[in-house]
Amino acid sequence: MRFLIWGAGAIGGTIGAHLARAGHEITLVDRARDHVAAIDAAGLRIEGPLTRFTVRVPAFTPDALRGEFAHVVLAVKAQDTEVATRALAPHLSADGCVVSAQNGLNELVIKSVVGDARTMGCFVNFGADYL
């Protein structure tokens, strides 16, 4: 499957890296240009108590992203939900959905932008840090 991960920090980066490692096509988006440049230069490195690995996946800032995606994982801070959802909406295919992998209950904000039928919540049950 093809996924867009919007927010390539601790949670989004971990989800994206594991999906890529499982063979899925991943595109990362992050507003931090230096983070995007580091991912492009050296890949996205995951270090944990059970595994260490690096994946090479394309990363973009929101203004540089092109294309449409049916599967979007939104992994930004809660206070950035509306701005991020409005920015990703043009990249969401007509039959696409947004999965909120965020702290808090942000689905009401997301569905106000992309619609109820295209909004899904999830429970993130792992810890992650952005280093």
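Position one of the sequence shown corresponds to residue -11 (the numbering used here), numbered consecutively onward. We treat Cβ as the ideally placed atom computed from N, Cα and C, and that holds for glycine.
ASN94 sits buried, since 16 or more C-beta atoms from the chains shown fall within 10 Å of its C-beta.
Take LEU(-8), set aside five residues on each side of it, and the residues of its chain with a beta-carbon closer than 6 Å to its own are THR15, PHE57 and VAL60, in chain order.
Closest in alpha carbon position to LYS65, among THR42, GLY92 and LEU76, is GLY92. For the options VAL71, GLN90, THR107 and GLN67, the alpha carbon positioned closest to that of SER81 is the one of THR107. At a Cβ-Cβ threshold of 8 Å, VAL43 and ALA77 do not count as neighbours.
Under the three-state reduction of DSSP output, GLY109 falls in the strand class.
Judged by DSSP in its simplified three-state form, GLY4 adopts helix.
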